[in-house]
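Have a look at the structure below, then the notes.
Protein chains in written order, with this note's numbering: chain A, 1 to 76; chain B, 1 to 236.
Here it is as structure tokens:
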């Protein structure tokens with residue numbers, strides 16, 4: 001799932017090498033922290049948060065399959 | 001695009017850089033023809049010639065666009081740990097990507113939300129690569145067609161209800177694509193007119209009955225004013 005976020009984020013930003021995803025595993029819930037270059041933050045969030053929303057929707061689809069919950073945090 | 005422009009620079013390289021900056025495109029996206037390659041002359045004084053190039057944005061063939069879009073979607077789906085095949089084709093000036101999987105509806109999600117999210121992201125990524133690209137439609141298990149059918153049925157039902165009760169009837173909130181289908185279906189229908197109401201994700205279609213005598217149909221369709229029409233008052 002970490003890979004999934006990385007692939008999408010890297011395809012959206014201008015500086016893919018600075019994309020970093022950290023997974024914090026919990027019993028039922030995993031938190032994914034996504035970090036990017038400062039000027040790329042807007043690219044992953046998108047207009048009115050649309051990109052972020054779409055990434056979260058896809059992430060939720062994968063996690064339901066794995067019977068888990070996932071939270072995507074975009075860290076400044 | 002037949003738009004081509006000429007650029008100058010001391011060297012061909014410099015001219016290309018300039019073109020990239022001004023057109024805001026990457027070098028790979030440009031069709032570059034060198035008109036004259038510059039020369040620095042003798043000692044840089046006598047006979048200096050500037051390099052001139054002609055550039056035009058490269059047009060990508062639809063088949064290549066399909067290939068690229070398919071690749072992007074496959075890359076995303078391969079992280080799902082589910083056997084999946086993507087079939088790409090061009091249909092009615094759209095790139096149609098069909099996800100073939102085990103039929104669990106995993107990629108569709110509730111009311112197609114996963115499908116819409118994938119479609120949105122793939123469009124975003126591909127548009128970033130090639131600025132001019134056909135719209136991409138992501139589908140699985142013929143969901144789009146099925147959804148359209150049920151929306152047409154829903155539209156007709158709403159129309160009947162509005163006419164019978166002589167009161168405006170509102171649909172549940174839906175996205176622009178779904179609303180469009182409702183509008184288009186009821187456009188041909190007599191005795192009703194439609195309008196979208198609400199903001200953002202809560203926008204819905206309201207079907208109004210048209211009273212006999214003042215049947216001013218049309219006009220109501222295109223005007224996208226978001227003000228409440230006077231007849232409204234129900235279904236808030």
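Quick reminder that beta carbons are idealized off the backbone N, C-alpha and C, glycines included.
Please read these numbers as outputs of a predicted model, since none were measured by experiment.
Residue i burial status per 10 Å Cβ neighbour count (16 or more: buried)
i: residue 88 (chain B); result: buried
i: residue 255 (chain B); result: Any answer about residue 255 (chain B) is impossible in this case: the structure gives chain B only from 1 up to 236.
i: residue 48 (chain B); result: exposed
i: residue 159 (chain B); result: buried
i: residue 67 (chain A); result: exposed
i: residue 47 (chain A); result: exposed
i: residue 219 (chain B); result: Caution applies to residue 219 (chain B), whose pLDDT of 44 falls short of 50 and renders its modelled position unreliable; the value that the coordinates give is listed next. It is exposed - the Cβ of residue 219 (chain B) has fewer than 16 other Cβ atoms within 10 Å.
i: residue 201 (chain B); result: exposed
i: residue 4 (chain B); result: exposed
i: residue 145 (chain B); result: exposed
i: residue 40 (chain A); result: buried
i: residue 112 (chain B); result: buried
i: residue 197 (chain B); result: buried
i: residue 108 (chain B); result: buried
i: residue 24 (chain A); result: exposed
i: residue 226 (chain B); result: Any reading at residue 226 (chain B) is ruled out, since the residue's pLDDT is 45, under 50, leaving its predicted position unreliable.
Own chain partners of residue i with C-beta closer than 8 Å, once the 5 adjacent residues on each side are dropped
i: residue 59 (chain A); result: 1, 4, 5, 32, 70, 72
i: residue 39 (chain B); result: 47, 48, 49
i: residue 68 (chain B); result: 60, 126, 129, 130
i: residue 21 (chain A); result: 2, 5, 6, 9, 32, 33, 34, 35
i: residue 30 (chain B); result: 16, 19, 20, 23, 55, 56, 57, 58
i: residue 172 (chain B); result: 204
Distance CB(residue i)-CB(residue j) smaller than 8 Å
i: residue 75 (chain A); j: residue 44 (chain A); result: no
i: residue 122 (chain B); j: residue 99 (chain B); result: no
i: residue 65 (chain A); j: residue 118 (chain B); result: no
i: residue 176 (chain B); j: residue 204 (chain B); result: no
i: residue 114 (chain B); j: residue 29 (chain A); result: no
i: residue 35 (chain B); j: residue 16 (chain B); result: no
i: residue 103 (chain B); j: residue 71 (chain B); result: no
i: residue 80 (chain B); j: residue 19 (chain A); result: no
i: residue 134 (chain B); j: residue 178 (chain B); result: no
i: residue 66 (chain B); j: residue 32 (chain B); result: no
i: residue 101 (chain B); j: residue 84 (chain B); result: yes
i: residue 139 (chain B); j: residue 97 (chain B); result: yes
i: residue 86 (chain B); j: residue 73 (chain B); result: yes
i: residue 37 (chain A); j: residue 15 (chain A); result: yes
i: residue 143 (chain B); j: residue 50 (chain A); result: no
Contact set between residue i and chain A, taken where Cβ atoms lie within less than 7 Å
i: residue 143 (chain B); result: Neighbours of residue 143 (chain B) on chain A: none; closest Cβ ~14 Å, over 7 Å.
i: residue 117 (chain B); result: 54, 57, 58
i: residue 50 (chain B); result: By Cβ distance, chain A contributes nothing, its closest Cβ being about 31 Å from residue 50 (chain B), past 7 Å.
Heavy atom of the ligand FAD within 7 Å of residue i beta-carbon
i: residue 40 (chain A); result: As for the ligand FAD, it is missing from this structure, which has no ligand bound.
Chain B contact residues for residue i, given Cβ-Cβ distances below 8 Å
i: residue 36 (chain A); result: Those within 8 Å of residue 36 (chain A) in chain B number zero; the least Cβ separation is about 15 Å.
i: residue 7 (chain A); result: 75, 76, 79
i: residue 50 (chain A); result: 120
Contacting residues, own chain, Cβ-Cβ under 6 Å from residue i (five flanking each side not counted)
i: residue 194 (chain B); result: 183, 186, 205, 207
i: residue 191 (chain B); result: 163, 210
Contact list for residue i against chain A, beta-carbon separation under 8 Å
i: residue 113 (chain B); result: 57
i: residue 72 (chain B); result: 11
Residues that residue i contacts on chain B, provided the C-beta gap is smaller than 7 Å
i: residue 4 (chain A); result: 76, 79
i: residue 62 (chain A); result: 80
Same chain only: Cβ atoms within 7 Å of residue i, ignoring 5 sequence neighbours per side
i: residue 26 (chain B); result: 20
i: residue 174 (chain B); result: 204
i: residue 151 (chain B); result: 178, 181, 182
i: residue 37 (chain B); result: 12, 51
i: residue 215 (chain B); result: Here residue 215 (chain B) scores only 48 on pLDDT, less than 50, and its place in the model is too uncertain to base an answer on.
Interface residues of chain B facing residue i [CB-CB closer than 9 Å]
i: residue 12 (chain A); result: 121, 124, 125, 128
i: residue 65 (chain A); result: 80, 81, 82, 104, 106
Cross-chain neighbours of residue i in chain A, by beta carbon under 9 Å
i: residue 137 (chain B); result: None at all; the shortest Cβ gap to chain A is about 15 Å.
(message) For the structure I just gave you, are there three or more beta carbon pairs, one from the segment 145-164 of chain B and one from the segment 185-194 of chain B, closer than 8 Å?
(response) yes
(message) Check whether the segment 164-179 of chain B and the segment 124-143 of chain B touch, using three or more Cβ-Cβ pairs below 8 Å as the test.
(response) Not touching, per the Cβ criterion.
(message) Counting beta carbon pairs with one atom in the segment 3-15 of chain B and one in the segment 60-70 of chain B, are three or more of them shorter than 8 Å?
(response) These segments do not touch.
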